[in-house]
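Protein chains in written order, with this note's numbering: chain A, 864 to 1487; chain B, 864 to 1487.
We put the beta carbon where it would ideally sit given N, CA and C, even for glycine.
Quick caveat, the model's predicted, so the values are computed rather than measured.
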């Protein structure tokens, strides 16, 4: 019987129950099939390939040993859960992953009973798994709760807070540390170094054994050891940190060896206490290119993706990357901070050019901001490059350590607005609301790449205030770094085109969208003014008054939740006016938006150019 | 020469320079004088007494050894910095501490050049001190940067994120762990347990010495030890956790022994690397009552404070404390989570009554929320009791782990609005903005104690949604737990009094304020409707429409920043109406509000009853 005649196993796995009767060789075969299946599909669809290739064997071993859905697995971040999705009834559905109407790229409660916790951001798994475990204990259930967390996510403060409480509550909880020495970028911080030392101490087992032997023969040593069990434990383990935190450390074990994983998990299953199992995996395992370049293969675009990008376009991310180098060349005191997103925020080149003025602090957004405040106190001009949705994790640091202190920290918020396939956890839709509430703060958004560059140079001129520049995960047609820099006046808006009937006030990404709307309206005989409302705070009061005098209707457009952004700014402005203009508004909905291509999402939320035109024609006809 | 004839030293200390020439006995005398001085003054003024009594000797030793203001001290939280304030030119000013127009109860950058970092929330010091240290290193300064952090604040995730980066950046930074086994309430978590074990291992030094001896004689052991320096380090230190994180651990030392502190700090001053100095102090040191009851003496009211509280009144905090017990009696699945604020949030009695259904997670707000989401997933009904300003630290946990997951977590936000003497870091003024932006979320505020109780019982009936109940640091005249519970209809407002000219829409604490306004207006012939706008989200659309029809002017009042609250809700509601009513609004300013008594602050921001009346008379005269 040759390999080809082997019966395909994966095709018959409809739920975890179908795995439990397989033999060890069959489990290994399943791993091979699963890995091939995921590579084939994700190469087409795009998605988080490398992380998911690293967890194939671990997922199989977990589903083999534990009894789902009664036992429960919480995946940290969740981008490594593709094998889990396939084996929990979503084999065919994987073909739709991250697509509009398809399954999510992350665990999602509404998608499957096996997705006990919905997720997308890092470092939450220990806390939420602990909550589930405590609840089950109080309700007298006896299921096993497992959190799987990567070594990168362990640098997040929330993971620390979680571990600190795991140790004290002493409930059953298995924390599996999926250690691939890599979160998205290369990990930074002491924790990864510490983990690495555990793994690379070849004498560990020898010394452990030898010392045990010694205590049999050496009376003095044994008597000393006996005086302190704690000392003994310390001596015999390099892994005291987790032990000190109250988690029994077990490992490290090979995360690609199913029999050894199964053996270990079966033993652990009998222990009713907090345990940290240290598993070594290889990100991108089984796909040579991904193993060699795990950062590039962390998330990949599908085969169809490239054709959507026009040659003339450049992403805002790249504009930031080029402009920050220019800014740093010009000003010696510029330093840049990112939280594990060197590539994602476009800082790869900058990091090479200015290694001493670049700080990747790991997955630690609050620290990134508070650290930046210290850098500003120390006399430097820090630029924090961060995604809009991750800014949500550091709001108190912004308030307490930056804004209240009147420190001139520059924040460049990538991924503001709809991000596409990553979906609800990653859309950057709340930033305008939680930033415009802050006193003494500048909030702005460029209409194109040139303006992003100009705003960054403008930001450098700001003293005693934080400034936030938000821009989308999108391309821009307009960027030429050889142009002279034009510094905008603080709070000033820009008239893009002058008309008379309607005035459009568009913020950031919506300027281009509004241009298309204006074009169609023009064809229908409606003359529009289009204003680039690039500053949300402070805003252009004088221009707003003039616009209200000269136009029947003002229309606000913003890629943001409906509360707290441009709409509320404009409505608030006219609150105390004798005569208020008619103001109509377009924004994202007051609801979480699903995943899919940007175009599909814009359609999903009824924000297409055609729909806006239709709505405006309605408004115009009503007001006449 | 007897003690009384001793020259008073403290009276001549105008700056840290005046300390540096003192002898050891004089330093000790200074400590005694300083302690007495602080006790005498803070007993009158009120303030954070116990924490500051614990740092008297440490502060003196730091100022003696280091050279301020070039060397820089960052105080975590800052409530232990009263001795520092006195010795850095604010001896007389201490008499005004926390008072309107006086000095702040926390370090404040605008107050003194010695207050290098402004602060008030916990766990930020390592990150900001690291920032300062890195900046000075890049700018080629060679000053010493010191962070002083309590063992309680060490449980916060931000401190962990900071330590993780201290180790890797390898800059000079002295982290002083001020270990008093007590943050505000008794500490919880593995870290305090770990610290306690370090301190209570009596064999530590003996074993260390003995093992060193052994290695001289025992060839085999020595050869083993030589194979791994790391192993040796582990064996010889119980304090590997900090070492593993890249901070050289030194300690523990007696934090009340000035000569030993000075000796240690002088040695450390020569080391150019990250160091953790473990200092043992006693909270409330020197005041018997405070030593015995450090939690009660953490923050004390001044001698004059009691008279402001009427006998008939009860605080909202107490109403919550009594109502949560009632709720837990009624429903077995209620569990309560607090982040180191058992007393502050009114949970002392509950914690005693339901120890198994109570979780103090330490200073770890994000974990509190994500842990609660896990409890809800597990089938319980978690209530998170948290201050409004500390809620700022867990916004992503609310979005990512609760709201997006449609989990019915109940949040009770104490200290919403102006908190008084604690000032800008503690005012809870942004919650309405950052909560009303969330989809699928209920945000409400009771007008009095009875309504807080009713809203809590209402909250239990809510499924698949988070609900936030915000209430002020204030007393309420209306609370009777024997009354029948009245569940409000979701989103419904309540007409408190019916008039015809003006309609007041008041949120929470502002209902009582508006009642006084209405009373005066009535005397001036203006008839007002007063509405208790208890639900901000969802709100009472039908009533709002009716009010607009029946009244010339609508007035919104809220104890909140101007953005994102009731004002914006009402303006947004009428945006698309054919005829918009005149809406005028009263709120806190778009600025950080200083510290002082609530009455003084209300006056400071021009929100007194008289000022509102005057403003409304203006509005009325203009619109006629």
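Give a yes or no on whether the C-beta atoms belonging to residue 1038(B) and residue 1124(B) are separated by under 8 Å. no
Classify residue 1252(A) as buried or exposed, calling it buried when 16 or more other Cβ atoms lie within 10 Å of its own Cβ. buried
Simplified DSSP state of residue 1284(B), which is helix, strand or coil: coil
Could you name the residues of chain A that residue 938(B) contacts, counting a contact when the two beta carbons are closer than 9 Å? Result: empty, since nearest Cβ-Cβ is about 14 Å, beyond 9 Å.
Since residue 911(B) meets chain A, which of its residues come closer than 7 Å, beta carbon to beta carbon? The premise fails here: residue 911(B) is roughly 17 Å from chain A at the closest Cβ pair, so nothing lies under 7 Å.
Roughly how many angstroms lie between the CA atoms of residue 890(B) and residue 917(B), to the nearest whole one? 16 Å
Burial state of residue 1317(A) (16 or more Cβ within 10 Å): buried
Residues of the segment 984-1006 of chain A with a CB closer than 7 Å to any CB of chain B: list them in chain order, please. 984, 987, 990, 991, 992, 993, 994, 995, 997, 998, 999, 1001 and 1002
Just to confirm before moving on: does the CB-CB distance between residue 1454(B) and residue 1302(A) stay below 8 Å? yes
Selection of the segment 1242-1263 of chain B by Cβ proximity to chain A, strictly under 7 Å: 1242, 1243, 1255, 1256, 1258, 1259, 1262 and 1263
Just to confirm before moving on: does the CB-CB distance between residue 1384(A) and residue 1359(A) stay below 8 Å? no
Using a Cβ cut-off of 8 Å, pull out every chain A residue sitting near residue 979(B), in sequence order please. 1240
Spell out whether any CB of chain B is found under 8 Å from the CB atom of residue 1414(A). no
Inter-residue Cα distance where the pair is residue 1293(A) and residue 1366(A): 25 Å
Determine whether the beta carbon atoms of residue 1309(A) and residue 1334(A) lie at a separation below 8 Å. yes
Check whether chain B comes within 8 Å of residue 1299(A), counting only Cβ atoms and requiring the distance to be less than that. yes
Go to residue 961(B), then tell me how far its alpha helix (DSSP H) extends in each direction, as first and last residue. Per DSSP, residue 961(B) belongs to no alpha helix (DSSP H) and is neither H nor E.
DSSP three-state call for residue 1274(B): helix, strand or coil? strand
Using Cβ-Cβ distances below 8 Å, what residues of the segment 1421-1437 of chain B are close to chain A? 1424, 1425, 1426, 1427, 1430, 1431, 1434 and 1435
Chain B within 8 Å of residue 1268(A), Cβ atoms only: yes
For a contact meaning CB atoms closer than 9 Å, what does residue 1293(A) contact in chain B? 1258, 1262, 1297, 1300 and 1301
Taking Cβ positions only, does residue 1476(A) come closer than 8 Å to chain B? no
What is the rounded straight-line gap between the Cα of residue 1078(A) and the Cα of residue 1105(A)? With a pLDDT of 42 at residue 1078(A), under the threshold of 50, the modelled position of this residue cannot be trusted; read the value that follows with caution. Looking at the two C-alpha atoms, the distance is approximately 25 Å.
Excluding the 5 residues preceding and the 5 following residue 934(A) in the sequence, name in chain order all residues of the same chain whose CB lies nearer than 8 Å to its CB. 1006, 1007, 1008 and 1009
Quick check on residue 1186(A) - is its C-beta less than 8 Å from some C-beta in chain B? no
How long is the line joining the alpha carbons of residue 1405(B) and residue 1473(B), rounded to whole angstroms? 31 Å
Between the segment 1205-1238 of chain B and chain A, which residues of the former have CB atoms less than 9 Å from a CB of the latter, in chain order? 1219, 1220, 1222, 1224, 1225, 1226, 1227, 1228, 1229, 1230, 1231, 1232, 1233, 1234, 1235, 1236, 1237 and 1238
Counting only C-beta atoms, is residue 1453(B) closer than 8 Å to chain A at any point? yes
Closer than 8 Å, Cβ to Cβ, to anything on chain A: give me those residues from the segment 1269-1289 of chain B, in chain order. 1269, 1287 and 1288
Does the structure place the segment 1153-1166 of chain B close enough to the segment 1178-1186 of chain B that three or more beta carbon pairs sit under 8 Å? no
Could you tell me the alpha carbon to alpha carbon distance between residue 897(B) and residue 919(B), rounded to whole angstroms? 7 Å
Looking at chain A, is there any beta carbon in it that lies within less than 8 Å of the beta carbon of residue 1021(B)? yes
Tell me whether residue 929(B) sits in a helix, a strand or coil according to DSSP, three-state version. coil
What does the Cβ neighbour count give for residue 1023(A), buried or exposed, with the cut at 16 atoms within 10 Å? buried
Considering only the beta carbon of each residue, do residue 1119(B) and residue 1148(B) sit closer than 8 Å? yes
Determine, using beta carbons only, whether residue 1373(A) comes closer than 8 Å to chain B. no
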